[in-house]
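What follows is a single structure, written as structure tokens, with notes after it.
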Amino acid sequence: MDQAVSDNVTISERAAKRVSRILAAEPAQTMLRISVEGGGCSGFQYKYDLVQEREPDDFVIEQGGATVLIDAVSLQYMAGSEIDFVDDLIGQSFQIKNPNATAGCGCGTSFSI
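Per UniProt numbering, the very first residue in the sequence shown carries number 1; after that it's consecutive.
In structure tokens:
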């Protein structure tokens, strides 16, 4: 199996390895926070931040040295999603395959529900 399942959000092995490499260059206890915010071309957009502390209501995914946090409000919009990392001809990026998104835009970081 190529993914670790954490409740209703998964992270691919590629994404976990990439997060782990990013965090290795940061101070100890650094984690990646993914959140959903209003804005972007389609109504919502994903935001990625490196943080040092967890919040009490954070959903935590830990795999292969990577720690990813998702706040409770964002988790509602990301239910059933897969976090992946893509390295192709047009560049490298984290991509979230979100089954709740009814539309998206070309940038890959904006969606609507």
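Glycine residues also receive a C-beta, built at the ideal position from the N, C-alpha and C atoms.
Residue 58 sits buried, since 16 or more C-beta atoms from the chains shown fall within 10 Å of its C-beta. For residue 70, the uninterrupted beta strand (DSSP E) segment begins and ends at 66-70.
As the crow flies, the alpha-carbon of residue 69 is around 19 Å from that of residue 99. The C-alpha of residue 87 lies about 21 Å from the C-alpha of residue 9. Rounded to the nearest whole angstrom, the CA to CA distance from residue 47 to residue 89 is 23 Å.
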